[in-house]
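Asker: Just dropping this structure here.
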Amino acid sequence: MQTTGRPVISATGLFTPEDSITNEELVASFNTYAERYNAAHAAEIAAGEVAALEPSSVEFIEKASGIKARHVMAKAPVLDPAIMSPRWPRRANDEPSMMAEIGVAAARDALERAGRDVADVDAVLCAASNMERPYPAMAIEIQQALGIEGFGFDMNVACSSATFGIQTAADYIRAGNARSVLVVSPEITSGHLNWRDRDSHFIFGDVATAVLVEDAALAPRAHWDILGTRLKTVFSNNIRNNFGFLNRADPETADTADKLFVQEGRKVFKEVVPMVAQMIVDEAGRLGIDPQALRRLWLHQANAGMNRLIAQRVLGHEASEDESPTVLDTYGNTSSAGSIIAFHLHSQDLAPGDTGLICSFGAGYSAGTVFVRKAG
Ligand code: COA
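Mapping to numbering that gives the first Met the number 0: the sequence shown position 110 is 109, numbers consecutive.
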């Protein structure tokens, strides 16, 4: 087949865990934990040696973030005030690993929607915030489970992993090194979230998404042309996770709270909003697209207030739900998967010729834009 070197999105796929936790359930669990902690440390708290834990609140969470619920792989242990962490039996090396299993589910959904035979797929990228192990790569396990030949590798750019994956896949297509690339983002964020931290315990949810990026010559009739991709990184410690293979070098601190997600949420909000809004406007200009005429923005899903401000700066007016759909109310922040879920659930109704933007932002800092136009 003659290839075109023009990358398109042929289809997307989604895996949503069955379990969901409401803010009410989450806050009840946290507050029980806080009460027990304060009772256990009553003497030190009275002596001023230990700070008492403040209760969390449903109203604060909804007002500050827009999040009302989140899906998780294992609800009971996360909500158990004595555990507050995911729990499941360790899987043997010859069993599918958890990330691969949900990644495969999302990938199959995308392949089915595209009507794609695995024999035509050349590569699998596993693009996510956390990997279950350093090696063998999650992507290679997913590749093997799907029966795909070619190659796979993992990449981590935190919340921007999926858009960085899409550009990487698009570059393979542009260079003629691949005709069909699966970008899979299994995000089991419940494993890196500190469920005992009042400032952040409400933020994340679990999910997996997949994006099939292909040469236009191979794509199904209904697809999305990729008009342009752009990536940006600027170093910041304001979102940080110190978990890593060298933690064992200092056993005393190997399990401290900084080995989980930590952020300065206010600073992130203030610094990332202008950076991303400017990046979108600049990239639209480069591509000759009027940002105010964009039919829809599928933005990263971390905070409803951030998205409101970014969309306003890009579109020049307060965005409607139709122009900038929200999924974080029911999914929470799903890291790199958020903008892909929004695109997956809210793109069918657009007409051929409509132009939109998939945009991610987060730790690093990192940000990625993918301008797309519906074909047909
Ligand atoms: N329940 C009740 N009150 C809480 C609370 C909770 N769970 N967590 C914090 N508070 C309190 C704080 O103690 C503080 O009280 P004070 O004013 O008396 O000091 C007050 O609420 C405001 O806290 P603050 O942390 O400044 O909240 P915020 O309005 O900045 O919202 C985030 C916090 C995290 C929701 C918000 O900063 C955010 O979404 N940032 C975007 C970053 C992000 O999500 N990044 C993820 C990767 S992209």
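Note that CB positions come from ideal geometry on N, CA and C, so glycine has one too.
Skipping 5 residues on each side, what residues in its chain have a beta carbon closer than 8 angstroms to that of Ser96?
Answerer: Arg90, Glu131, Arg132, Met137 and Glu140, listed in sequence order.
Asker: Does ligand 1 have a heavy atom nearer than 6 angstroms to the CB of Gly331?
Answerer: No, Cβ of Gly331 sits at least 6 angstroms from all heavy atoms of ligand 1.
Asker: Under 8 angstroms: do the segment 224-233 and the segment 108-128 share three or more Cβ pairs, one atom per stretch?
Answerer: Judged by Cβ distances under 8 angstroms, the segment 224-233 makes no contact with the segment 108-128, as fewer than three pairs qualify.
Asker: Since Ile20 contacts Lys67 with CB under 8 angstroms, what's their CB separation in whole angstroms?
Answerer: Ile20 to Lys67, Cβ: 10 angstroms. No contact.
Asker: Any idea if His316 is buried or exposed, counting beta-carbon neighbours within 10 angstroms, 16 or more meaning buried?
Answerer: Exposed: under 16 other Cβ atoms inside 10 Å.
Asker: Tell me the rounded alpha-carbon separation between Trp194 and Ala177.
Answerer: Each residue's Cα considered, the two are about 41 angstroms apart.
Asker: Going by C-alpha to C-alpha distance, which of Gly190, Leu78, Phe14 and Arg307 sits closest to Val26?
Answerer: Selected option, being the one with the closest Cα: Leu78.
Asker: Rounded to a whole number of angstroms, what is the C-alpha to C-alpha distance between Pro290 and Ile279?
Answerer: Distance between the alpha carbons of Pro290 and Ile279 is about 8 angstroms.
Asker: Span of the alpha helix (DSSP H) holding Ala162?
Answerer: Inspection of the sequence shows that residue 162 is occupied by Thr rather than by Ala. Thr162 -> alpha helix (DSSP H) spans Ser160 to Ala174.
Asker: Do Ser184 and ligand 1 come close, with the Cβ less than 6 angstroms from some heavy atom?
Answerer: It does not: the Cβ of Ser184 is nowhere closer than 6 angstroms to a heavy atom of ligand 1.
Asker: Determine the DSSP secondary structure at Gln262, reduced to helix, strand or coil.
Answerer: Gln262: strand per DSSP, three-state reduction.
Asker: Going by beta carbon distance, what residues of the same chain come within less than 8 angstroms of His200, once the five residues before and after it are set aside?
Answerer: Closer than 8 angstroms at Cβ, skipping near neighbours: Leu25, Phe29, Ser55, Leu192, Asn193 and Trp194.
Asker: Helix, strand or coil for Arg312? Go by DSSP, reduced to three states.
Answerer: Reduced to three states, the DSSP call for Arg312 is helix.
Asker: Looking at the secondary structure, which residues open and close the beta strand (DSSP E) in which Pro185 lies?
Answerer: Segment Ser179 to Glu186, the beta strand (DSSP E) holding Pro185.
Asker: By how many angstroms is the C-alpha of Gly375 removed from the C-alpha of Ile302?
Answerer: Correcting the residue identity first, residue 302 is Asn in this sequence and not Ile. When rounded, the distance between both Cα atoms is 33 angstroms.
Asker: Where does Pro351 fall in DSSP's three states?
Answerer: In this structure, Pro351 counts as coil in the three-state DSSP scheme.
Asker: For ligand 2, which residues have a Cβ under 5 angstroms from at least one heavy atom, in chain order?
Answerer: Within the structure as shown, ligand 2 is missing, the only ligands being ligand 1.
Asker: How would you label Arg69, buried or exposed, when you count the other beta carbons within 10 angstroms and need 16 or more for buried?
Answerer: By the 10 Å Cβ count, Arg69 comes out buried.
Asker: Do you know whose CA, among Phe370, Ala39 and Ala38, lies nearest Asp281's CA?
Answerer: Among Phe370, Ala39 and Ala38, the Cα nearest to that of Asp281 is on Phe370.
Asker: Would you mind stating whether Ala366 and Lys231 have Cβ atoms separated by less than 7 angstroms?
Answerer: Against a cut-off of 7 angstroms, the Cβ pair of Lys231 and Ala366 comes out as a contact.
Asker: Near Tyr233, what residues of its chain come up, given a Cβ to Cβ distance below 6 angstroms and the 5 sequence neighbours on each side ignored?
Answerer: According to the sequence displayed, residue 233 carries Val and not Tyr. Hits under 6 angstroms: Tyr364.
Asker: Would DSSP call Met278 helix, strand or coil?
Answerer: In the structure shown, Met278 sits in a helix (DSSP, three-state: H, G or I).
Asker: Per DSSP, Asp224 forms a beta bridge with which residues?
Answerer: Note: Asp224 sits in a beta bridge opposite Val7 and Arg372.
Asker: What do you reckon, are the CB atoms on Ile172 and Pro6 nearer than 7 angstroms?
Answerer: Against a cut-off of 7 angstroms, the Cβ pair of Pro6 and Ile172 comes out as a contact.
Asker: Roughly how many whole angstroms lie between the Cα atoms of Gly377 and Cys125?
Answerer: Summary: the structure shown does not reach residue 377, with the chain confined to residues 0 through 375, and so no result is reported for it.
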